[in-house]
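Just so you know, the protein sequences line up as chains A and B, in that order.
First residue of the first sequence? That's 1 in this note's numbering, and the numbers climb one at a time after it.
First residue of the second sequence? That's 450 in this note's numbering, and the numbers climb one at a time after it.
Protein chains: 2
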Amino acid sequence: MDERGRSRFNRRAVKVADAQQLILEAIRPVGVEQVALWQGCGRRLAQTLQATSDWPPFARSGLDGFAIRGADAAHASPEHPVTLQVIDAVAAGQVARQRVEPGTAVRIMTGAAMPEGADAVVMLEQTAPAGLAGQTAVRVKHAARPGQNVALPGEEFRCGSAIAGPGTVIRPGHIGLLGTFGYAELPVYARPRVAVFATGSELLPVAAPLEPGRIRDSNSAMVAAMVAQSGGEPVLFGRLPDRVDAVIEALTAALAEADCIITIGGVSVGDYDVMAILLSEMKRNHALKSELMKPKSQETLGQTLEPSSDPVCFSKVLFDRVAMRPGSPTSAALLNGKPLFALSGNPGACYVGFELFVRPALHRMQGELDPLPRPLEAELTDQIRKGSPHERYVRCKLILNDGRVFAEPLAFGKSSMMASIPQADGLLVVPSGPEGAAAGSRVKVLPVP
Amino acid sequence: MDERGRSRFNRRAVKVADAQQLILEAIRPVGVEQVALWQGCGRRLAQTLQATSDWPPFARSGLDGFAIRGADAAHASPEHPVTLQVIDAVAAGQVARQRVEPGTAVRIMTGAAMPEGADAVVMLEQTAPAGLAGQTAVRVKHAARPGQNVALPGEEFRCGSAIAGPGTVIRPGHIGLLGTFGYAELPVYARPRVAVFATGSELLPVAAPLEPGRIRDSNSAMVAAMVAQSGGEPVLFGRLPDRVDAVIEALTAALAEADCIITIGGVSVGDYDVMAILLSEMKRNHALKSELMKPKSQETLGQTLEPSSDPVCFSKVLFDRVAMRPGSPTSAALLNGKPLFALSGNPGACYVGFELFVRPALHRMQGELDPLPRPLEAELTDQIRKGSPHERYVRCKLILNDGRVFAEPLAFGKSSMMASIPQADGLLVVPSGPEGAAAGSRVKVLPVP
Numbered sequence: 001m002d003e004r005g006r007s008r009f010n011r012r013a014v015k016v017a018d019a020q021q022l023i024l025e026a027i028r029p030v031g032v033e034q035v036a037l038w039q040g041c042g043r044r045l046a047q048t049l050q051a052t053s054d055w056p057p058f059a060r061s062g063l064d065g066f067a068i069r070g071a072d073a074a075h076a077s078p079e080h081p082v083t084l085q086v087i088d089a090v091a092a093g094q095v096a097r098q099r100v101e102p103g104t105a106v107r108i109m110t111g112a113a114m115p116e117g118a119d120a121v122v123m124l125e126q127t128a129p130a131g132l133a134g135q136t137a138v139r140v141k142h143a144a145r146p147g148q149n150v151a152l153p154g155e156e157f158r159c160g161s162a163i164a165g166p167g168t169v170i171r172p173g174h175i176g177l178l179g180t181f182g183y184a185e186l187p188v189y190a191r192p193r194v195a196v197f198a199t200g201s202e203l204l205p206v207a208a209p210l211e212p213g214r215i216r217d218s219n220s221a222m223v224a225a226m227v228a229q230s231g232g233e234p235v236l237f238g239r240l241p242d243r244v245d246a247v248i249e250a251l252t253a254a255l256a257e258a259d260c261i262i263t264i265g266g267v268s269v270g271d272y273d274v275m276a277i278l279l280s281e282m283k284r285n286h287a288l289k290s291e292l293m294k295p296k297s298q299e300t301l302g303q304t305l306e307p308s309s310d311p312v313c314f315s316k317v318l319f320d321r322v323a324m325r326p327g328s329p330t331s332a333a334l335l336n337g338k339p340l341f342a343l344s345g346n347p348g349a350c351y352v353g354f355e356l357f358v359r360p361a362l363h364r365m366q367g368e369l370d371p372l373p374r375p376l377e378a379e380l381t382d383q384i385r386k387g388s389p390h391e392r393y394v395r396c397k398l399i400l401n402d403g404r405v406f407a408e409p410l411a412f413g414k415s416s417m418m419a420s421i422p423q424a425d426g427l428l429v430v431p432s433g434p435e436g437a438a439a440g441s442r443v444k445v446l447p448v449p
Numbered sequence: 450m451d452e453r454g455r456s457r458f459n460r461r462a463v464k465v466a467d468a469q470q471l472i473l474e475a476i477r478p479v480g481v482e483q484v485a486l487w488q489g490c491g492r493r494l495a496q497t498l499q500a501t502s503d504w505p506p507f508a509r510s511g512l513d514g515f516a517i518r519g520a521d522a523a524h525a526s527p528e529h530p531v532t533l534q535v536i537d538a539v540a541a542g543q544v545a546r547q548r549v550e551p552g553t554a555v556r557i558m559t560g561a562a563m564p565e566g567a568d569a570v571v572m573l574e575q576t577a578p579a580g581l582a583g584q585t586a587v588r589v590k591h592a593a594r595p596g597q598n599v600a601l602p603g604e605e606f607r608c609g610s611a612i613a614g615p616g617t618v619i620r621p622g623h624i625g626l627l628g629t630f631g632y633a634e635l636p637v638y639a640r641p642r643v644a645v646f647a648t649g650s651e652l653l654p655v656a657a658p659l660e661p662g663r664i665r666d667s668n669s670a671m672v673a674a675m676v677a678q679s680g681g682e683p684v685l686f687g688r689l690p691d692r693v694d695a696v697i698e699a700l701t702a703a704l705a706e707a708d709c710i711i712t713i714g715g716v717s718v719g720d721y722d723v724m725a726i727l728l729s730e731m732k733r734n735h736a737l738k739s740e741l742m743k744p745k746s747q748e749t750l751g752q753t754l755e756p757s758s759d760p761v762c763f764s765k766v767l768f769d770r771v772a773m774r775p776g777s778p779t780s781a782a783l784l785n786g787k788p789l790f791a792l793s794g795n796p797g798a799c800y801v802g803f804e805l806f807v808r809p810a811l812h813r814m815q816g817e818l819d820p821l822p823r824p825l826e827a828e829l830t831d832q833i834r835k836g837s838p839h840e841r842y843v844r845c846k847l848i849l850n851d852g853r854v855f856a857e858p859l860a861f862g863k864s865s866m867m868a869s870i871p872q873a874d875g876l877l878v879v880p881s882g883p884e885g886a887a888a889g890s891r892v893k894v895l896p897v898p
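Right, here's the structure in full:
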């Protein structure tokens with residue numbers, strides 16, 4: 001199929017995995033910044049952070065009760081309680097003034113430092129007050145053993161051990177640990193700024209009333225939301241012009257402030273598919289490296305641009321066709337070293353192109369080492385009838401039930417069907433071939449957020 | 450167990466599910482605000498939004514090719530192509546000037562409105578250019594049928610049908626749909642402002658060097674991160690004073706600007722557990738409704754406060770003990786109608802208390818109808834030996850492998866073990882009883898973000 005389209009722009013399909021590798025090899029993190037500890041959640045750590053002390057830093061009581069010498073109460077029981085003289089009380093944050101000698105106890109609160117001499121804590125609920133020769137005393141009613149309810153120094157962490165390494169997505173538990181070790185600020189990878197453009201003269205702004213034959217540009221907002229979800233900062237640039245020279249100007253302007261560009265639409269074989277024309281021009285330029293610094297022909301580009309301001313001069317097309325459905329015209333290039341993703345304008349294909357290529361790229365730009373979606377195995381609930389010469393990505397629901405993982409295909413076969421996109425939990429991978437997939441068969445699913 | 454603690458503050462344990470119901474019944478959404486379309490992602494919709502037109506709004510071509518009358522090419526084949534006269538071209542956004550009559554075709558781009566008379570689109574790749582009596586013509590090489598590659602008006606949505614209802618968490622796919630129907634702004638539930646306090650004189654600020662017997666307040670930052678993760682806006686208030694009267698003053702001040710208060714620590718049976726003392730005072734006040742407007746006794750509260758500024762006067766304790774491990778002293782109250790959560794100061798118990806009670810509450814404050822974590826079934830990888838008189842929540846990893854769901858317990862039995870909190874995917878529910886749970890047995894897990 002597609003012979004005309006392929007020959008028109010000399011487009012050769014690469015496999016999804018190869019396309020992903022081409023992107024990941026070309027991309028570097030955009031930078032590092034410091035954020036307040038709690039604001040690091042969801043960001044990616046930019047360096048290895050270590051324990052700055054042993055943890056706990058001192059022997060700590062695990063609960064409220066009495067610090068004792070375990071041997072003193074080794075045989076205590078409700079019937080034969082052991083009575084100990086209470087010589088001090090220590091709250092969390094304090095240090096006991098008295099040493100625990102045989103026959104004595106110190107009242108202690110959760111988290112307080114153990115007094116010298118004590119090696120066990122008896123919980124308050126296993127004691128009763130007692131009078132002993134006019135002094136304060138406590139009756140221990142349960143057998144104790146040395147070490148009980150005491151956390152020893154270094155039990156959880158040794159000073160210098162790694163807490164988390166570069167690329168780690170920071171979770172609340174990391175925040176707790178890093179706060180414990182005194183990290184009031186965290187070095188995290190900066191958020192990439194991502195310019196989002198739509199193409200197509202049929203597009204109206206979202207706020208505009210409908211006109212005959214025209215539709216609203218809803219993809220830009222969807223993609224902007226996905227950029228933000230991926231940790232990027234979207235900048236909506238609206239609609240690209242229809243002429244290639246004006247497109248180059250718009251992309252050049254965007255490159256000055258963005259780390260990455262996403263265009264939506266105009267990548268197919270239509271007569272007005274401006275991104276397809278531009279990518280084809282880029283490939284021609286790349287093939288003619290020696291002519292790179294010459295102005296482009298008036299005919300193709302419409303006007304002469306200064307080469308230094310023209311990203312087409314310093315561009316490299318990574319791929320301009322992918323062996324997949326939907327979204328086979330999805331393309332990627334580097335413009336002055338920054339990634340350009342040209343997604344399909346069809347909402348379903350745009351969505352799949354983002355998940356397979358853009359989200360991993362944005363995560364890599366934030367230092368994630370292994371940003372590709374990890375497939376999981378699931379049992380297919382419904383037959384997928386139609387085969388395809390290309391690997392197919394079918395939106396699906398993931399159902400965890402009765403200890404098993406099920407994938408339920410959504411709106412199979414209609415990549416334009418927008419209604420089911422919000423319901424999708426994953427992309428079900430249907431291998432290329434004439435057969436589709438049988439109900440009950442094992443399939444691979446790429447989870448989506 | 451716990452006889453002394455229970456009797457001291459007259460605390461009666463409620464079941465987790467009952468505690469959750471008490472919270473959810475007491476909480477209302479905090480308000481509604483408008484946000485730009487793409488910024489609605491992850492927020493919760495505050496009203497039902499409907500399709501504002503049929504979708505598609507007109508008959509659209511699904512791809513690039515030629516709009517024809519399907520009957521004209523019903524028997525076309527590569528060997529016997531059908532030649533049609535090309536009378537017009539229509540790009541997306543345009544409306545064809547010509548009607549397609551038998552024997553004619555209109556060049557059409559993806560997404561363009563179908564010309565009158567045409568009922569099918571033949572893809573460009575299944576055609577070849579042809580000359581017909583000096584005019585432009587096209588050779589159709591594959592059989593066509595009426596309706597092929599055409600999306601009919603209203604095929605996906607009927608005008609007025611609901612797209613999403615109140616409380617729906619907005620995903621990128623919703624953004625796309627809502628943009629299609631012209632929603633440039635979305636009504637979403639406002640983010641609750643959440644005051645976070647820590648208690649305990651042992652606590653140092655995160656940035657401070659360690660001192661003997663003291664530790665840094667890392668829980669506040671962890672909880673702030675969890676608040677933000679739950680859609681709330683955390684405000685870190687630092688350490689609460691140690692005296693109950695000063696605590697009341699601090700909470701009163703926080704109530705003026707926050708929709709919810711979280712305190713961490715000081716809820717147990719220790720002599721300095723200021724939140725436990727305060728909650729006990731609240732319960733006493735509530736029991737003596739007729740005395741509500743009287744100043745509190747000097748003895749307990751340290752100083753006389755104006756009743757109108759004193760949230761203890763207008764408070765109701767929802768629960769001050771939960772039948773669970775860890776975190777049994779976890780408490781909740783209403784202060785002037787706003788929720789107060791008093792979490793345990795132990796990091797593991799603080800974490801569990803947040804997931805079971807605070808996260809659902811914050812989601813409900815943002816209009817979510819069913820905010821409780823939904824348990825899923827998993828197969829336990831390792832034996833959990835020790836039983837417990839209370840239901841236990843053990844942090845675990847969730848592993849989806851080979852189409853099955855496995856739960857691997859983490860750091861079992863040590864609620865203070867912070868090291869494993871960042872690794873947790875869920876809380877494994879071990880029912881109360883003497884036995885624990887056997888490896889390979891089916892367990893319930895509450896997923897955590």
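All C-beta atoms in this analysis are idealised placements derived from N, C-alpha and C, irrespective of residue type, glycine included.
Under the three-state reduction of DSSP output, Asp64 (chain A) falls in the coil class, being neither helix nor strand. With a threshold of 7 Å between beta carbons, Ile517 (chain B) makes no contact with chain A. At least one CB atom of chain B sits nearer than 7 Å to the CB of Met109 (chain A). Per DSSP, Gln470 (chain B) lies in no beta strand (DSSP E) segment; the continuous alpha helix (DSSP H) that holds it begins and ends at Val465 to Ala475. The beta carbons of Ala439 (chain A) and Val405 (chain A) sit no closer together than 7 Å. Per the DSSP secondary-structure output, Ile536 (chain B) pairs with nothing in a beta bridge. Gln34 (chain A) sits exposed, since fewer than 16 C-beta atoms from the chains shown fall within 10 Å of its C-beta. Excluding residues up to 5 positions away in sequence, Ala51 and Thr52 lie with their Cβ nearer than 6 Å to the Cβ of Phe181 (chain A) in the same chain.
Between the alpha carbons of Ala674 (chain B) and Asn734 (chain B) lies a gap of roughly 34 Å. By the CB criterion at 7 Å, Met731 (chain B) and His839 (chain B) fall outside the cutoff. Against Tyr721 (chain B), the close residues of chain A are Ala91 and Met109, in the order they occur along the chain (beta-carbon pairs closer than 7 Å). Close CB contacts of Val358 (chain A) within its chain, under the 7 Å cut and outside five residues either way in sequence, are with Ile262 and Phe341 (chain order).
Between the beta-carbon of Leu84 (chain A) and that of Ile68 (chain A) there is about 6 Å, and that keeps the pair under the 8 Å contact cut.
Judged by DSSP in its simplified three-state form, Glu826 (chain B) adopts strand.
At least one beta carbon of chain B lies nearer than 7 Å to the beta carbon of Ile175 (chain A). Distance from the CA of Leu659 (chain B) to the CA of Leu653 (chain B), rounded to the nearest whole angstrom, comes to 8 Å.
DSSP lists A:Val429 as the bridge partner or partners of Tyr393 (chain A). The C-beta distance from Gly70 (chain A) to Arg145 (chain A) rounds to 5 Å, short enough to meet the 8 Å contact threshold. Taking C-beta separations shorter than 6 Å and ignoring five residues to either side along the sequence, the partners of Arg392 (chain A) in its chain run Arg325 and Val430, following chain order. Boundaries of the alpha helix (DSSP H) harbouring Gln229 (chain A): Asn219 to Gln229, taken from the DSSP string. A straight-line Cα-Cα distance of about 7 Å links Ile277 (chain A) and Val244 (chain A). Residue pairing by DSSP places Cys709 (chain B) opposite B:Val643 in a beta bridge.
Beta-bridge partners of Ala508 (chain B) (DSSP): none assigned. The three-state reading of DSSP puts Gly70 (chain A) in helix, counting H, G and I together. In the three-state DSSP reduction, Thr330 (chain A) falls in the coil class, being neither helix nor strand. Taken in chain order, the members of the stretch 655-669 of chain B whose beta-carbon sits within less than 9 Å of a beta-carbon on chain A are Val655, Ala656, Ala657, Pro658, Leu659, Glu660, Pro661, Gly662, Arg663, Ile664, Arg665, Asp666, Ser667, Asn668 and Ser669. Counting only Cβ-Cβ distances below 7 Å, Glu826 (chain B) has contacts in chain A at Asp402 and Gly403, in chain order.
Boundaries of the beta strand (DSSP E) around Ile612 (chain B): Ala611 to Ala613. Counting the other CB atoms within 10 Å of its CB gives Glu435 (chain A) a total below 16, which places it among the exposed residues. One thing to note: Leu37 (chain A) has its Cβ no nearer than 7 Å to the Cβ of Gly232 (chain A). Under the Cβ criterion (8 Å, minimum of three pairs), the stretch 84-93 of chain A counts as touching the stretch 105-120 of chain A.
Between Ala468 (chain B) and Val771 (chain B), the CB-CB gap stays under 7 Å. Taking 7 Å as the threshold, the shortest C-beta distance from Cys490 (chain B) to chain A falls below it. Checking the DSSP bridge columns, you'll see Val82 (chain A) partnered with A:Val140.
Counting along the chain, the unbroken alpha helix (DSSP H) around Tyr351 (chain A) starts and ends at Pro347 to Gly353. Residue pairing of Ser388 (chain A) in beta bridges, as defined by DSSP: A:Gly433.
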